[in-house]
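A.B. asks:
2 protein chains.
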Amino acid sequence: MSATIYDVAREAGVSMATVSRVMNDTAVVKEETKKRVLEAIAKLSYRPNAIARGLASKRTKTIGVIVPDVSAAFMAELVRGIEDIANMYHYHIILCNSDGQLDREKDLVGTMWEKQVDGLLFMSPRLQQEHIDTFEEAQLPIVLCRTDDPEGRIPSVNINNRQAAIDVVDYLVAKGCKSIAFVGAQNGLRTLTDERRVGFLQGIQRNGIDSQLIELPNETYATALPILKNAFKQGAPRAIFTANDELAIAAEHAAQDASLRIPEDIMIVGFDNTKLTEMSRPALTTVTQSMYDYGAVAMRFLTKLLSDEPISTYTVVLPHQILEKESTAPRLIR
Amino acid sequence: MSATIYDVAREAGVSMATVSRVMNDTAVVKEETKKRVLEAIAKLSYRPNAIARGLASKRTKTIGVIVPDVSAAFMAELVRGIEDIANMYHYHIILCNSDGQLDREKDLVGTMWEKQVDGLLFMSPRLQQEHIDTFEEAQLPIVLCRTDDPEGRIPSVNINNRQAAIDVVDYLVAKGCKSIAFVGAQNGLRTLTDERRVGFLQGIQRNGIDSQLIELPNETYATALPILKNAFKQGAPRAIFTANDELAIAAEHAAQDASLRIPEDIMIVGFDNTKLTEMSRPALTTVTQSMYDYGAVAMRFLTKLLSDEPISTYTVVLPHQILEKESTAPRLIR
DNA sequence: CTGTTAGCGCCTTCAC
DNA sequence: GTGAAGGCGCTAACAG
Chain A
0 MSATIYDVAR EAGVSMATVS RVMNDTAVVK EETKKRVLEA IAKLSYRPNA IARGLASKRT
60 KTIGVIVPDV SAAFMAELVR GIEDIANMYH YHIILCNSDG QLDREKDLVG TMWEKQVDGL
120 LFMSPRLQQE HIDTFEEAQL PIVLCRTDDP EGRIPSVNIN NRQAAIDVVD YLVAKGCKSI
180 AFVGAQNGLR TLTDERRVGF LQGIQRNGID SQLIELPNET YATALPILKN AFKQGAPRAI
240 FTANDELAIA AEHAAQDASL RIPEDIMIVG FDNTKLTEMS RPALTTVTQS MYDYGAVAMR
300 FLTKLLSDEP ISTYTVVLPH QILEKESTAP RLIR
Chain B
0 MSATIYDVAR EAGVSMATVS RVMNDTAVVK EETKKRVLEA IAKLSYRPNA IARGLASKRT
60 KTIGVIVPDV SAAFMAELVR GIEDIANMYH YHIILCNSDG QLDREKDLVG TMWEKQVDGL
120 LFMSPRLQQE HIDTFEEAQL PIVLCRTDDP EGRIPSVNIN NRQAAIDVVD YLVAKGCKSI
180 AFVGAQNGLR TLTDERRVGF LQGIQRNGID SQLIELPNET YATALPILKN AFKQGAPRAI
240 FTANDELAIA AEHAAQDASL RIPEDIMIVG FDNTKLTEMS RPALTTVTQS MYDYGAVAMR
300 FLTKLLSDEP ISTYTVVLPH QILEKESTAP RLIR
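Top line first, the protein sequences correspond to chains A and B.
Just so you know, numbering that gives the first Met the number 0 puts 294 at position 295 of the first sequence, and the rest follows in order with no gaps.
Just so you know, numbering that gives the first Met the number 0 puts 76 at position 77 of the second sequence, and the rest follows in order with no gaps.
Below, the structure written as structure tokens:
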């Protein structure tokens, strides 16, 4: 068993209260006794027990992070952003995967409450009323990240997915595309993809060009590839806009299999700006800022909430932009 | 403020000890009183405070996971494997990134101790004596994952990287390759890459063929690409074996830029079997089982340690295998 | 089967 | 500036 605050107090010849004070810098302690305490701490290599501290202070310095699936490339980057900022503010994160299942998400919020996390960072493909109810019940500071509450009841950091999709259409039209297909999963729920699809359709309508919707059962590379290959057999559109980068890579491969040149015959635009966009051939034009920044901003937002720093808005809308790479631009000389 | 165990006890007309008993199923309680307690719990929507429980029981049901960087694709998959199994055994994970820096790693072990984690899953590119010392000091059940302790002092789950590399050389030789290059970072420390390099060299020697070592300052796609392109200018080997999948993709692209056909002109073999291998063109031949399984096995191992289940060996060596895909085999018809 | 009683290790008023 | 004392919410003997 290791040293407790009492051991340190005895060693330093002071009371435990004083030890607590120097540990937490919570009141002025005479320089000399402070020194004695510090020496005792070092001598016993004392480490405060965070659990006991949590019980007494009701603050655990840990925040819960609920994501659908870390193993998705962009989620991992996002989590890294969260962790870096958390670390900067001396928080730790408990990471949970929900697979986007409502039951599990609700359960996790409860479990995180049990663990007495100081706050919650929540990501989900779609937010339903039940989520909101669960959040309210939990009475925890919560920030949604890359997850939209249309009513703006919950603090969130997000980009304007609809507008971003419109911008992509405009961008492709400016590039001379007269027909554009949108690729994403259709599941009847309000998802990020739906937001993007809506924007896409708005953009199409505004520009008065041809469009096509390619619906997927899910948004993975493996699922998308055969479906896209098949779609291209009956004539490919001039451009493809996918709901995320992974799908865009599937589109690239499907196009290549159909002997279509990128970007000469078909342009491709992804979404999320993950590392994948740099590791694909041709490099992928994509939308928005890095997932890392996304997570970082969300975590910073939460720390503000937790320390009662003034907040200007509870619905942070991150700027988005289109990063032009090879899949829509003349090939660079290699 | 939410309900405590006292509130439930009062509501059910029993003592808090009984409530605790039904919560933890730690002793037989009469069916009827149990029912009353359960009703009280439901009525007050009582949730036990895990922190208080942790303080009293000295077990927090959380384990610390220290990784170099979750945002690396394979690490994310590995972490997912860990989390799934952790969840299965009702553990939660605190995830920390160390960037492979010794100081930070040591510090994190200490902080995890403060948080009273029940155990630690530790990943690092290289293990030094200082790590061992830190672990011993912490007195925590620890399992190394994808990290080797050559002396076998710390429980670990790993593959035989050296043998795997030998197997790759044999495999490529059987394919008719007379010259093979190894690509990886050289940093003077004992790393996974070094293990693989050693195996590579042994294989080369045994087969008596030509070899080349291409040393990188780090193991990222962006770093590798230009270096490999340059290397290929002065004549490419018949095969490339890289320390990980990401580098293998760089090799593919470098080869393609040099107008080399894969696998006709040059074969490429990666390492780790990440999702990337399926998302590359040509699909990448790679070594070992999935990172997900890796994490899952390691976590399961830790749960055994934590529950004193019998353990046959403290050094779990996972079987490895070569998964042949397009980068070393005739192209499949698409 | 159930209740009583100590703590777990620390924070936090209060007095001094 | 420092000490004493009372919790935080729960588990775990120990009685009954």
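For every residue, glycine included, the Cβ atom is placed at its ideal position computed from N, Cα and C.
Please classify Met87 of chain A: is it buried, with 16 or more other beta-carbons within 10 angstroms of its beta-carbon, or exposed?
C.D. replies: Classification of Met87 of chain A: exposed, given that the 10 Å Cβ count is below 16.
A.B. asks: At a Cβ cut of 9 Å, what residues of the region 109-139 of chain B count as close to chain A, listed as they run along the chain?
C.D. replies: Gly109, Thr110, Met111, Trp112, Glu113, Lys114, Gln115, Glu136, Gln138
A.B. asks: Leaving aside the five residues before and after Cys176 of chain B along the sequence, list all residues of the same chain whose C-beta is less than 7 Å from its C-beta, in chain order.
C.D. replies: The residues are Arg237, Ala238, Met266.
A.B. asks: Taking 8 Å as the threshold, find out whether the region 312-332 of chain A comes into contact with the region 310-325 of chain B through three or more Cβ pairs.
C.D. replies: no
A.B. asks: Out of curiosity, what's the CA-to-CA distance linking Phe300 of chain A and Gly109 of chain A?
C.D. replies: Cα-Cα distance, rounded: 22 Å.
A.B. asks: Is Met405 of chain A helix, strand or coil by DSSP?
C.D. replies: The requested residue 405 of chain A is not part of the displayed model; chain A covers only 0 to 333.
A.B. asks: Using a Cβ-Cβ cut-off of less than 8 Å, give me the residues of the region 79-97 of chain B that come near chain A, in sequence order.
C.D. replies: Arg79, Glu82, Asp83, Asn86, His91, Ile92, Ile93, Leu94, Cys95, Asn96
A.B. asks: Taking 8 Å as the CB-CB limit, is Ile265 of chain A close to chain B?
C.D. replies: So no, Ile265 of chain A is outside the interface.
A.B. asks: Please confirm whether Ile213 of chain A and Ala249 of chain A have their CB atoms less than 8 Å apart.
C.D. replies: When the beta-carbon positions are compared, Ile213 of chain A and Ala249 of chain A stay at least 8 Å from each other.
A.B. asks: Give the residues of chain B in contact with Gln255 of chain A, contact being defined as C-beta atoms less than 8 Å apart.
C.D. replies: Going along chain B in sequence order, the residues near Gln255 of chain A (Cβ under 8 Å) are Arg280.
A.B. asks: Please list, in chain order, the chain A residues whose beta carbon lies closer than 7 Å to that of Leu54 of chain B.
C.D. replies: The answer, in chain order, is Ile50, Ala51, Leu54.
A.B. asks: Assuming the contact rule is C-beta atoms closer than 8 Å, Val18 of chain A and Ala8 of chain A should be a hit. Round their C-beta distance to whole Å, please.
C.D. replies: 5 Å
A.B. asks: My understanding is that Leu283 of chain B touches Lys324 of chain B, with C-beta atoms under 8 Å, so please give their C-beta distance in whole angstroms.
C.D. replies: 6 Å
A.B. asks: For His252 of chain A, would you say it is in contact with chain B, using Cβ-to-Cβ distances shorter than 8 Å as the test?
C.D. replies: Under the Cβ distance rule, His252 of chain A counts among the residues neighbouring chain B, one pair being separated by less than 8 Å.
A.B. asks: Please look up how many angstroms separate the CB atoms of Pro154 of chain A and Leu143 of chain A, rounded, as I've assumed it's under 8 Å.
C.D. replies: Correct: roughly 7 Å between the Cβ atoms.
A.B. asks: In chain A, which residues lie with their C-beta within 9 Å of the C-beta of Val142 of chain B?
C.D. replies: Going along chain A, no residue has its Cβ under 9 Å from Val142 of chain B, so there is no contact; the nearest lies around 18 Å.
A.B. asks: If we call anything under 8 Å between Cβ atoms a contact, is Val268 of chain B one with Thr190 of chain B?
C.D. replies: no
A.B. asks: Is there a C-beta anywhere in chain A that falls below 8 Å from the one on Arg62 of chain B?
C.D. replies: Checking the sequence, you will find Ile at residue 62 of chain B rather than Arg. No, Ile62 of chain B does not count as interfacial toward chain A.
A.B. asks: Quick check for students: name the residue ranges of the alpha helix (DSSP H) that lie wholly in the region 198-236 of chain B, counting only runs of 4 or more.
C.D. replies: Secondary structure in the region 198-236 of chain B: the alpha helix (DSSP H) runs of 4 residues or longer, each lying completely within the stretch, are 220-232 in chain order.
A.B. asks: Return no unless some Cβ of chain B is closer than 8 Å to the Cβ of Tyr220 of chain A.
C.D. replies: yes
A.B. asks: May I ask which residues mark the beginning and end of the alpha helix (DSSP H) holding Met22 of chain B?
C.D. replies: Going by DSSP, Met22 of chain B is part of the alpha helix (DSSP H) stretching over 15-23.
A.B. asks: At which residues does the alpha helix (DSSP H) containing His252 of chain A begin and terminate?
C.D. replies: 244-256
A.B. asks: Please list the segments of the alpha helix (DSSP H) lying wholly inside the region 5-82 of chain A, counting only runs of 4 or more residues, in order along the chain.
C.D. replies: Correct list: 15-23, 30-43, 49-56.
A.B. asks: Closer than 7 Å, Cβ to any Cβ of chain A: which residues of the region 175-205 of chain B, in chain order?
C.D. replies: none
A.B. asks: Applying the 10 Å Cβ sphere with the 16-neighbour rule, what's the burial state of Ser258 of chain A?
C.D. replies: exposed
A.B. asks: In the DSSP assignment, find the alpha helix (DSSP H) that holds Leu107 of chain B and state where it starts and stops.
C.D. replies: 101-113
A.B. asks: By alpha-carbon positions, which one of B:Val36, B:Met22, B:Glu136 ends up nearest to Val13 of chain B?
C.D. replies: B:Val36
A.B. asks: By alpha-carbon positions, which one of A:Glu135, A:Val286, A:Ile4, A:Lys274 ends up nearest to Tyr45 of chain A?
C.D. replies: The residue with the shortest Cα to Cα distance from Tyr45 of chain A is A:Ile4.
A.B. asks: How is the alpha helix (DSSP H) around His334 of chain A delimited, first residue to last?
C.D. replies: Past the boundaries of the shown model lies residue 334 of chain A; chain A is included only from 0 to 333, so the question cannot be answered.
A.B. asks: Alpha carbon to alpha carbon, how far is Leu77 of chain B from Val197 of chain A?
C.D. replies: 35 Å
A.B. asks: I want to know whether the region 54-68 of chain A touches the region 116-131 of chain A - three or more CB-CB distances under 8 Å.
C.D. replies: yes
A.B. asks: Helix, strand or coil: which one does DSSP assign to Ala184 of chain A?
C.D. replies: Three-state DSSP puts Ala184 of chain A in a strand.
A.B. asks: Buried or exposed for Pro262 of chain A, please, with buried defined as at least 16 other CB atoms from any protein chain shown within 10 angstroms of its CB.
C.D. replies: buried
A.B. asks: Report yes or no: do the region 166-175 of chain A and the region 198-217 of chain A share at least 3 C-beta pairs separated by less than 8 Å?
C.D. replies: Flag = yes, the region 166-175 of chain A and the region 198-217 of chain A touch.
A.B. asks: Round the Cβ separation of Thr241 of chain B and Ala163 of chain B to the nearest angstrom and send it over; I've been treating them as touching at under 8 Å.
C.D. replies: That belief does not hold up - the Cβ atoms of Thr241 of chain B and Ala163 of chain B are roughly 13 Å apart, past 8 Å.
A.B. asks: Going by Cα to Cα distance, which pick from B:Ser210, B:Ser70, B:Met290 is closest to Ser97 of chain B?
C.D. replies: Looking at the Cα atoms, B:Ser70 is the closest of the given residues.
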